[in-house]
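Structure, as structure tokens:
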Amino acid sequence: MRGEGSERMEKRLIRLLVNGDQHDVAIWPNETLVEVIRDRLELTGTKMGCGEGACGTCTVLVEGRPVRSCLTLAVEAQGKEIVTIEGLAEGGDLHPVQKAFVQRGAIQCGFCSPAMILTGKALLEENPHPTDDEVRRAISGVVCRCTGYAKIVEAVLAAAGEE
Amino acid sequence: MPEHTLVGQRVVRIDSQAKATGEARYTADLTLPRMLFGKVLRSPHAHARILHIDTSKAEKLRGVKVVVTGKDAAGVKWGVFRYTRDHELLTADKVRYIGEDVAAIAAEDEETALEALELIDVEYEVLPAVFDPLEAMKGGAPQIHDHAENNVNIHVPIEIGDVDRAFDEAYYVREDRFVDTEYTYCQIEPYAVLASYDSAGNLEIWTPNASPHTKAKALSNLLEKPLNKVRVRRINTGGAFGGRSDIFPGEFIAALLAMKAGRPVKMVYTREESFTSVRQAHSMVVDSKIGVTKDGRLLASEIKLVLDGGAYSSTGPIATSVPFLVWEETYRLPNARFNGYRVYTNKLVRGMYRCHGRAFHGGLGMQLDMIAEELGIDPLEIQLRNALQTGETQATGSRIISCGLTEALEAAAERSGWKEKRGKLPYGRGVGMGANGMMVGFPMGIRGGSAAIVKFNEDGGATLISGVVDNGQGNESMVVQIAADVLGLGMEGINLVSADSEVTPLDQGAYSQAATFVSGNAARAAAMDAREQILDIASDMLDALPEELELKGGKVQVRERPERNVWLGKVIRQALIDNAPVVGKGSYMPKVDQSREWVSNPRGQHAGTFSFGAVVAEVEVDTETGQVRVTNVTGAHDCGFAINPMAVEGQLEGSVASGGVGATLLEEHVWDGGQMLNANMLEYKVPLSVDMPQIVPIIVETIDPEGPFGAKEAGLWGSMNMFQAIGNAVYDAVGVWIKEFPITPDKVLRALEEKERGS
Numbered sequence: 000m001r002g003e004g005s006e007r008m009e010k011r012l013i014r015l016l017v018n019g020d021q022h023d024v025a026i027w028p029n030e031t032l033v034e035v036i037r038d039r040l041e042l043t044g045t046k047m048g049c050g051e052g053a054c055g056t057c058t059v060l061v062e063g064r065p066v067r068s069c070l071t072l073a074v075e076a077q078g079k080e081i082v083t084i085e086g087l088a089e090g091g092d093l094h095p096v097q098k099a100f101v102q103r104g105a106i107q108c109g110f111c112s113p114a115m116i117l118t119g120k121a122l123l124e125e126n127p128h129p130t131d132d133e134v135r136r137a138i139s140g141v142v143c144r145c146t147g148y149a150k151i152v153e154a155v156l157a158a159a160g161e162e
Numbered sequence: 000m001p002e003h004t005l006v007g008q009r010v011v012r013i014d015s016q017a018k019a020t021g022e023a024r025y026t027a028d029l030t031l032p033r034m035l036f037g038k039v040l041r042s043p044h045a046h047a048r049i050l051h052i053d054t055s056k057a058e059k060l061r062g063v064k065v066v067v068t069g070k071d072a073a074g075v076k077w078g079v080f081r082y083t084r085d086h087e088l089l090t091a092d093k094v095r096y097i098g099e100d101v102a103a104i105a106a107e108d109e110e111t112a113l114e115a116l117e118l119i120d121v122e123y124e125v126l127p128a129v130f131d132p133l134e135a136m137k138g139g140a141p142q143i144h145d146h147a148e149n150n151v152n153i154h155v156p157i158e159i160g161d162v163d164r165a166f167d168e169a170y171y172v173r174e175d176r177f178v179d180t181e182y183t184y185c186q187i188e189p190y191a192v193l194a195s196y197d198s199a200g201n202l203e204i205w206t207p208n209a210s211p212h213t214k215a216k217a218l219s220n221l222l223e224k225p226l227n228k229v230r231v232r233r234i235n236t237g238g239a240f241g242g243r244s245d246i247f248p249g250e251f252i253a254a255l256l257a258m259k260a261g262r263p264v265k266m267v268y269t270r271e272e273s274f275t276s277v278r279q280a281h282s283m284v285v286d287s288k289i290g291v292t293k294d295g296r297l298l299a300s301e302i303k304l305v306l307d308g309g310a311y312s313s314t315g316p317i318a319t320s321v322p323f324l325v326w327e328e329t330y331r332l333p334n335a336r337f338n339g340y341r342v343y344t345n346k347l348v349r350g351m352y353r354c355h356g357r358a359f360h361g362g363l364g365m366q367l368d369m370i371a372e373e374l375g376i377d378p379l380e381i382q383l384r385n386a387l388q389t390g391e392t393q394a395t396g397s398r399i400i401s402c403g404l405t406e407a408l409e410a411a412a413e414r415s416g417w418k419e420k421r422g423k424l425p426y427g428r429g430v431g432m433g434a435n436g437m438m439v440g441f442p443m444g445i446r447g448g449s450a451a452i453v454k455f456n457e458d459g460g461a462t463l464i465s466g467v468v469d470n471g472q473g474n475e476s477m478v479v480q481i482a483a484d485v486l487g488l489g490m491e492g493i494n495l496v497s498a499d500s501e502v503t504p505l506d507q508g509a510y511s512q513a514a515t516f517v518s519g520n521a522a523r524a525a526a527m528d529a530r531e532q533i534l535d536i537a538s539d540m541l542d543a544l545p546e547e548l549e550l551k552g553g554k555v556q557v558r559e560r561p562e563r564n565v566w567l568g569k570v571i572r573q574a575l576i577d578n579a580p581v582v583g584k585g586s587y588m589p590k591v592d593q594s595r596e597w598v599s600n601p602r603g604q605h606a607g608t609f610s611f612g613a614v615v616a617e618v619e620v621d622t623e624t625g626q627v628r629v630t631n632v633t634g635a636h637d638c639g640f641a642i643n644p645m646a647v648e649g650q651l652e653g654s655v656a657s658g659g660v661g662a663t664l665l666e667e668h669v670w671d672g673g674q675m676l677n678a679n680m681l682e683y684k685v686p687l688s689v690d691m692p693q694i695v696p697i698i699v700e701t702i703d704p705e706g707p708f709g710a711k712e713a714g715l716w717g718s719m720n721m722f723q724a725i726g727n728a729v730y731d732a733v734g735v736w737i738k739e740f741p742i743t744p745d746k747v748l749r750a751l752e753e754k755e756r757g758s
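Note that the protein sequences, when read in sequence, are chains V and P. For the first sequence, position 41 (counting from the first letter as 1) is numbered 40 according to numbering that gives the first Met the number 0, and the numbering increases by one without interruption. For the second sequence, position 408 (counting from the first letter as 1) is numbered 407 according to numbering that gives the first Met the number 0, and the numbering increases by one without interruption.
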């Protein structure tokens, strides 16, 4: 139930393009993209760490750019190409950024990893050979409490080297 | 012993791939059929008596299934120790902090549950509250618990040697007060719990946790159910750092809701609730008096510690003792007096966080530098003169069986360019040093040990069953690496079943830095037992003595003639035919003095072994803004033996963020009375990638005689020694001591102004 009493708000049918698949979902107009991705599409690889745009763990790619899905209404994302962490590996092969994160020990608790990996991918598409500083700036919107970021930066740089 | 094939290698952790693809599930990701959503009504008052709760309107809202209040909780109180049972996890009569659990609702969806919360009427009688531990200890302060006079929750007194005489004999004595504000874990995964209950009376719980067995035992006590009916399941945990150890109201409330509804109930806390209503770190006031000889050796140490404990005990006796224990685990203390007080206040409960180091170890580590300065000794030298060594006994009686503190200090100094930099960098830049010793596990009675089982499939693959818990540090991978090494298998040759209170044997959990030392030892013992059985059977098959055989690459072979071999699967099958299936069993209990008790008997062997570390931090201080920036961190940690060096480095690097940049410079809660003002991640500042220094982690290996392959622990290094390193570096840079943590720009500017006025 949304709004004060069920009759005050009505669900809307929207069409989302996520990881190349088309989804028609009935949602409340005030549902955020993260809610729809997690609760309705069951793509739970996208995490929710704060719900107010501060921690970055809900990052998904919208038209190739990292976006905080907790600050985005699902209705705004209609007709746009959305990529979540589940859409990154192609045909069972990990994306080079995923591979680098795995091999370089850049993942500890893993809760920020999907957001970090997607952010790293977006950076490398825009800037295939970033400096250490550029990587740090690019991922500065995603909080990691485990790694001290050292191996995350190393992994993104390593993925850049392989591409 | 076979030669190492896997341990010591930088192996890819077994959990990494699933975490890189989004496949790894955390509690909030779980869904069960007919699942309800729970929400908790929280106290708006810091201290109030509950006169009446009316839930009738909420119960009538469409979609609401059940409501629970303190009446459903039967007044059972929880405490980690028999003598600290003071916390009704769903309170019936009184609230003691803002955010405390008063009632809860399970509904068809979260929105309905939230709406229903507003329909619960609670009548409170507001009581006077107290928020400062020193105020709370004074006569006439509001009494928070009937049993605790002056609000003293725990008092730990420790007296070693002849302290007064030692101070009389000391060449130099100084006294300082160090304080810090509250800070918190801020694990990136918010608190969540899913509870399921069936008609046979089985309760299942999923929640991010450091010890399923500890949670299960608490729930078993609170719900008066046998342990085999309370099943805490394995689930990925998004960071713990000490903050997921004991039982929390959330698990208890979710269980009550699920039991009453007969349907699964999931509760996912908001970030605000995770800040205000689970656990946070103690704040403290440390009065430390140190007496030394002319050459800087510690003669006497007298410490009064007052911890703000918040409203309930939690792990209070441990929290109150541990700061002193870490101090005695680092330096030789011939005479010491410690009085630790944990005091109740009307704030959120304080839990275990990194051995409560900020003001304590940060302060005492700075005091050592102050003394060095007074005596004209290099701070490195004063560290080396007081650093404990292998074979020595600590103040309260723990013998040290391996110690790389001196090596760590020298390595950190050497690699950081200490000699060239200390006192020689231009104004505004400086270096500082910190050191730490650390217990690897501690006495926890029956829950202090671990057991493991290895069983085999007929294709030669194995399953390791261990209670080991992974909160992100890589403990799951660690036990697999150990067992695979012993059995001559690859990482993929062993499947792990772990952290399930029903299926896996008792284990202390990811707690007190014990996982590698204790769970790792148990896994190794189980694998060794299986190995012995396998070699025994294969010796008949290969017509060789068991001691001539080795396990390698999924085969048993004659060491000197590897062409004489048999496939492991075949040995496993033979064992089945022989009615002697291979099942390896192993356990480990650290050699601690089990009669040692936190308050009543703080004497005897405290931990099986101890780890040691040292660090040098380099900082830049902006004298215009007061901003401190850490530019380089070079540190060495004696982890015994690095089973996976990549994972050890990850632990060290992570603690530079949490203990160093975060805890030392940024993190603190801001309060208005009992109201936390920055219970959100926009205003509670944690380190970001751009705040981090360059880090050089150095692994020191002392090959501990008890540890698995000589390993100890790697979790508590920078989180224990960065405070003092940065504090000392700030002094080296601009000549002021900041005795209040975190070292924020306002404090630096104030100190610089005072210095200018003074000179």
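Even for Gly, the Cβ is constructed at its ideal location relative to N, Cα and C. This structure is a prediction, so every number in the text was calculated from the model and none was measured.
- The shortest C-alpha to C-alpha distance from P:L226 to any of P:G200, P:G238, P:P248 and P:G241 is the one to P:G200.
- If you draw a straight line from the Cα of P:A103 to the Cα of P:F251, it comes to about 11 Å.
- Take the alpha-carbon of P:L347 and the one of P:E271: they are about 13 Å apart.
- DSSP, reduced to helix, strand and coil, places P:G436 within a strand of the structure shown.
- Here V:Q21 is exposed, its C-beta having fewer than 16 other C-beta atoms within 10 Å.
- Remark: C-beta atoms of P:G431 and P:F740 do not approach each other more closely than 9 Å.
- Chain order gives the chain P residues near V:S139 as L687, S688 and V689, where near means a beta carbon separation below 8 Å.
- In the DSSP assignment, P:W566 forms a beta bridge with P:K554.
- In the three-state reduction of the DSSP assignment, P:L5 falls in the coil class.
- Residue environment for P:Y426: exposed (fewer than 16 other C-beta atoms within 10 angstroms of its C-beta).
- Residue range G717 to V733 is occupied by the alpha helix (DSSP H) that includes P:Y730, with no beta strand (DSSP E) assigned at that position.
- If one requires a minimum length of 3 residues, the beta strand (DSSP E) runs lying completely within the segment 24-54 of chain P are 35-41 and 47-53, in chain order.
- For P:L681, the residues of chain V that pass the 9 Å Cβ criterion are C49, E51, G52 and A53, in the order they occur in the chain.
- Residue-level contact by beta carbon holds for V:I151 and chain P, with a gap shorter than 9 Å.
- For P:S688, no alpha helix (DSSP H) segment is defined, and its DSSP state is neither H nor E.
- Under the three-state reduction of DSSP, P:E667 is assigned to coil, being neither helix nor strand.
- Where P:T20 is concerned, the enclosing alpha helix (DSSP H) starts and stops at S15 to T20.
- Given a length threshold of 3 residues, each whole run of the beta strand (DSSP E) inside the segment 460-494 of chain P is given here in chain order: 461-465.
- Here DSSP, grouped into helix, strand and coil, assigns P:F130 to coil.
- Runs of the alpha helix (DSSP H) lying entirely within the segment 193-222 of chain P, each at least 4 residues long, are 211-222 in chain order.
- Straight-line measurement puts the Cα of P:A524 at about 29 Å from the Cα of P:K228.
- Here the C-alpha atom of P:P207 lies approximately 48 Å from the C-alpha atom of P:K423.
- Think of a sphere of 7 Å around the beta carbon of P:R24: the chain V residues whose beta carbon falls inside it are T43, in chain order.
- For P:T633, the closest of P:I571, P:E559 and P:M721 by C-alpha to C-alpha distance is P:M721.
- Residue ranges of uninterrupted alpha helix (DSSP H) with 4 or more members, entirely inside the segment 47-133 of chain V and ordered along the chain, are 95-102 and 112-125.
- Under the criterion of beta carbons closer than 8 Å, P:S449 and P:S586 qualify as touching, at roughly 7 Å.
- In the DSSP assignment, P:I697 is bridged to P:A635.
- Under the Cβ distance rule, P:Y182 does not count among the residues neighbouring chain V, no pair being separated by less than 9 Å.
- Per the DSSP secondary-structure output, P:A191 pairs in a beta bridge with P:V267.
- Across the set P:A509, P:S500 and P:V453, the C-alpha of P:V453 shows the shortest separation from the C-alpha of P:V485.
- For the pair of segments examined, the segment 329-345 of chain P was found to touch the segment 294-307 of chain P: the number of CB pairs separated by less than 8 Å reaches three.
- Here the alpha carbons of V:A88 and V:L42 stand approximately 14 Å from one another.
- Interface flag for P:Q16 against chain V is set, since a Cβ pair is found closer than 9 Å.
- A Cβ-Cβ contact shorter than 9 Å links P:Y184 with P:F240.
- Taking 9 Å as the cut-off, the beta carbon of P:G717 is found no closer than this to the beta carbon of P:S610.
- Between P:R353 and P:S313, the C-beta gap is not smaller than 9 Å, which leaves the two residues out of contact.
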